[in-house]
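Colleague: Before I ask anything, let me first share the structure, which is written out below as structure tokens.
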Amino acid sequence: MLVTPALLWTLLFFVAPFVAMALLSLNFQAEGGMTVANYSQFFTNPSYYRAMVNSLQVTGMVTLISVLLAYPFAWILAEQIPPRLQRLALLLAILPFWTSYVVRSYSWLLVLAQNGVVNDALLRTGLVTEPLQLANTRAATIIGFVHFFVMLLTLTIFASLKQLNPSYRKAAADLGAGPIRSFLYVILPLTLPGVVVGAFLTFVLAIGDYITPQILGGNNELLMPQLIMMQIGRRGDFPLASALALILMAVVTIAYIACARWLKIERT
Amino acid sequence: MFTSFMPSLKRGACAAAIASIAVISPAAAADLNALIWCDHADPALLKPFEDANGIKVNVKEFEGTGAGFAIVDQSQPGDWDVMVIDSIDIPRGVEKGLFEPLPEEQLPFADLYAEVTMDGSTKVDGKRYGITEKFGYNTIGFNNSKVDAADMQSMNSLLDAKYKGRIAIYDYYLPIIGMAALSIGKKTTELTEADLPAIKEVLLKMKANSKLVGEVTASQTALATGEVDILVGGGEWVTAGLAKENPALDFSVPKEGAILWSQSLAMFSASKNKDMALKFIQYVMSPEGQARLATSSCYWGMPASKAAALDDAQKKILRVAEQPEFLKRSQPYPAPSAELDKKMQDLWTEMLQSQ
């Protein structure tokens, strides 16, 4: 009885739209008849499935770089910053979340532009003689994403590190493990759930994001959300957009299953 | 594109949507509810009309006819009174039964540039469903302090290695495909599927030479900030509004020609406020309304009416004196069949994905 509101909420705002989208993607006719043409279009048109490849490559890079940057950052926050300053440090870490996503992306566009801060610094220091093309590239999209998600990952990894019982490290040291061995065989495995949760969230949020690649990528390649938006904005082709959205959702589901299984193994 | 499933889907979702419809639906019938492009959202355009008639104009911006029709599909009949639409797309709205014939005798058709009345699109079965309010060109926008203006008189320069990495392409398939067609000597009104391979070749070369493909804001920003020096598909709609800040921004109509864009106003047949809708259209088409619309803060464009009350500086920026020559060398947007349109969009997607 107590779960009824939650159940209704899920039915109304998840299951019903999901079913509607699935039927729409199949060009369902009230008088009968369905087709998988929209799905086959995705798998047979190289420009379409290329968007998925692009999305996976970009999202994979974003997730990997964010983890590599966030872990040491979270480590410093948890281990090197005095406890009384940790709250302030965390506050500073999440500051990027307070600004508008669109404004942040446009800011990056200006920073990376031909006349932007980065190129200006490179030219002044003589490291380059011609401005580099940084804006409107895949690299720009990745930078924009990483700036945001490294903070998200820092929070999840920080939480894992803080929950770690200090006696594990002492025990490892007592048994003769050096700092590196202790980290690799004790700390890292125990904090991996936090890493995976953050990485999964990063993957899900990045692969479905339209704004960042649209603003920073310069439309020099299409990612899945851009391809979906094209079908809606240009063609008004909701069935094809639904099919593409469901394919994207399937990829996210696969990622979830992979992470869920992995986490389960770690916890047993 | 919408299947017969759509109405039943909407009915099915109706119960859940009632509350949200109440929130998102346009306001009272006494107000005017307009589906518009961003240039109509300028208070400098709307306020004089609101003050004169003691009403509020509720506006909803959209980009692209498909998105506009989607909003109408998701609304109740009578929610909207007027719509701004690409002139070439008016027949699509008429086919869907959306638009009301306009009383030609109450509108200043005699003042319009003859080339932009677009009778082939704004009239269906002898009835007038739209009136062109603003037009311009998708052509070559450029920074004349960085680019040789003489080069911009030929579309071949867009493929020249000299400009590699200095070009942005406006992300709208119809005008750019139209420009590519012009560059190979094709008429936009006669395009067929057989022309697509040659057009594709031009597009891929253009993309290879470009730095980015951007929608309105991105492409305008790229040209204004010096990120690129040339905007393919640009025109007065990009450069005129920035003329004061950056007088070096310019546009050319190359020897191959340019693509004429044209936006119209149409009235919804289900409007509950047709008298006010007509008044609004008359206001926008008046000399004052035309001048305000032409110099809207969102983007500038040529007023469709020769009687527009532009001052000399505005006329100079919009190059009013050169319009007869520009119009002579321009061709309308391609107006493909649904099947050809799909192929053109697939071609555009392929171009965007090309490396």
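Those protein sequences? They're chains A and B, same order as listed.
If you number the first sequence the way my numbering does, the last residue is 275 and the count never jumps.
If you number the second sequence the way my numbering does, the last residue is 1053 and the count never jumps.
We treat Cβ as the ideally placed atom computed from N, Cα and C, and that holds for glycine.
These figures come from a predicted structure and were not determined experimentally.
1) Could you tell me which whole beta strand (DSSP E) segments of length 3 or greater appear in the stretch 718-779 of chain B?
2) Since Val-110 of chain A contacts Val-118 of chain A with CB under 8 Å, what's their CB separation in whole angstroms?
3) Just the C-alpha distance for Tyr-56 of chain A and Leu-730 of chain B, rounded to the nearest angstrom, thanks.
4) Checking contacts by CB at 8 Å: is Glu-761 of chain B closer than that to chain A?
5) If I measure Cβ to Cβ from Val-721 of chain B and keep anything under 7 Å in the same chain, skipping five residues before and after, which residues do I get?
6) Where Leu-191 of chain A and Thr-219 of chain A are concerned, what is the direct C-alpha to C-alpha distance, given to the nearest angstrom?
7) Could one say the Cβ of Ser-54 of chain A lies closer than 8 Å to chain B's Cβ atoms, at least one of them?
8) Once you ignore the five residues that flank Pro-246 of chain A on each side, which residues in its own chain have a CB closer than 8 Å to its CB?
9) Per DSSP, Ser-993 of chain B is paired with what?
10) Taking Cβ-Cβ distances shorter than 8 Å, what residues in chain A pair up with Val-911 of chain B?
11) Which first and last residues belong to the beta strand (DSSP E) in which Ser-960 of chain B is found?
12) Taking 8 Å as the CB-CB limit, is Arg-57 of chain A close to chain B?
13) Inspect the beta-carbon positions of Asn-842 of chain B and Ile-957 of chain B and report whether they are closer than 8 Å.
14) According to DSSP, is Val-109 of chain A helix, strand or coil?
15) Residues of chain A with a CB under 9 Å from the CB of Ala-765 of chain B: which are they?
16) Might you give, ordered along the chain, the residues of its own chain that have their beta carbon closer than 6 Å to the beta carbon of Glu-931 of chain B, omitting 5 neighbours on each side?
17) Any idea what DSSP makes of Leu-929 of chain B, helix, strand or coil?
18) What residues of chain A sit near Glu-1048 of chain B, judged by a beta carbon separation below 7 Å?
19) Pull up the DSSP beta-bridge partners for Met-850 of chain B, would you.
20) Leu-921 of chain B to Glu-934 of chain B, Cα distance in whole Å?
21) Quick test of the definition: if touching needs 3 or more C-beta pairs under 8 Å, does the stretch 166-184 of chain A touch the stretch 79-91 of chain A?
22) Counting only runs of 3+ residues fully inside the stretch 849-912 of chain B, write out the beta strand (DSSP E) ranges in chain order.
23) For Ala-262 of chain A, which residues in the same chain have their Cβ closer than 6 Å to its Cβ, ignoring the five residues on either side in sequence?
24) Along the chain, where does the beta strand (DSSP E) containing Pro-200 of chain A start, and where does it finish?
25) Using CA atoms only, rank isn't needed, just tell me which of B:Lys-909, B:Asp-771, B:Glu-1037 and B:Gly-818 is closest to Ala-859 of chain B.
26) Which one of A:Arg-241, A:Ile-88, A:Thr-106 and A:Ala-184 has the shortest CA to CA distance from Phe-760 of chain B?
27) Answer yes or no: do Val-1050 of chain B and Asn-226 of chain A have a C-beta to C-beta separation smaller than 8 Å?
28) Excluding the five sequence neighbours on either side, which residues of its own chain have a C-beta within less than 8 Å of the C-beta of Lys-1014 of chain B, listed in chain order?
29) Please report the residue range of the beta strand (DSSP E) in which Ile-838 of chain B lies.
30) Do Ala-250 of chain A and Phe-20 of chain A have their C-beta atoms within less than 8 Å of each other?
31) For Trp-998 of chain B, count the other beta carbons within 10 Å of its own beta carbon; 16 or more makes it buried, fewer makes it exposed. Which is it?
32) Using CA coordinates, which residue listed in B:Pro-799, B:Lys-905 and B:Val-936 is at the minimum distance from Thr-915 of chain B?
33) Name, please, each residue of chain A whose Cβ falls closer than 7 Å to the Cβ of Ala-964 of chain B.
34) Terminal residues of the continuous beta strand (DSSP E) containing Asp-948 of chain B?
35) Determine, for Gln-140 of chain A, whether the minimum Cβ-Cβ distance to residues of chain B falls below 8 Å.
36) Can you tell me the Cβ-Cβ gap for Ile-72 of chain A and Val-153 of chain A, rounded? I've got them flagged as a contact below 8 Å.
Modeller: With the given structure in hand:
1) 730-734 and 755-759
2) Their Cβ separation, rounded to whole angstroms, is 12 Å, which puts Val-110 of chain A and Val-118 of chain A out of contact at 8 Å.
3) 44 Å
4) yes
5) The predicted position of Val-721 of chain B is uncertain, since its pLDDT is 41 and thus under 50; no value can be drawn from it.
6) 34 Å
7) yes
8) Leu-31, Ser-32, Leu-33, Asn-34 and Asn-45
9) Inspection of the sequence shows that residue 993 of chain B is occupied by Thr rather than by Ser. Per DSSP, none; premise fails for Thr-993 of chain B.
10) Gly-225, Asn-226 and Asn-227
11) 956-966
12) yes
13) no
14) helix
15) Ile-239, Gly-240, Arg-241 and Gly-243
16) The sequence given here has Gly at residue 931 of chain B, not Glu. Contacts found: Asn-836, Tyr-868, Pro-873 and Ile-874.
17) strand
18) Ser-54
19) None, per the DSSP bridge assignment.
20) 13 Å
21) yes
22) 865-868 and 910-912
23) Phe-210
24) Note, Pro-200 of chain A: premise wrong, no beta strand (DSSP E); alpha helix (DSSP H) at 195-214.
25) B:Lys-909
26) A:Arg-241
27) Going by the sequence as given, residue 1050 of chain B is Leu instead of Val. Yes. Within cutoff.
28) none
29) 829-841
30) no
31) buried
32) B:Val-936
33) Those within 7 Å of Ala-964 of chain B in chain A number zero; the least Cβ separation is about 17 Å.
34) 947-950
35) yes
36) 5 Å
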